[in-house]
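Numbering (the working numbering), first residue to last: 7 to 64. Take a look at the structure below.
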């Protein structure tokens, strides 16, 4: 849940703030959002696999 909120906030900031894009050297905000989505999905899959491993270990 936290990753979804952070993704939405960071995407909103990048799409709306020109200074934030310049600071992070983001030239294509859509590409940045896609990268954030990929990282978020990998994190969610990692968390789910960890929870599954702990559940099966018990």
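Note that CB positions come from ideal geometry on N, CA and C, so glycine has one too.
Inter-residue distance for residue 59 and residue 24 is about 43 Å (C-alpha atoms, whole angstroms). For residue 12 and residue 45, the gap between their C-alpha atoms comes out near 12 Å.
In this structure, residue 39 sits near residue 17, with a CB-CB distance shorter than 8 Å.
Nearest in C-alpha terms to residue 8, of all of 41, 49, 57, 63, is 49.
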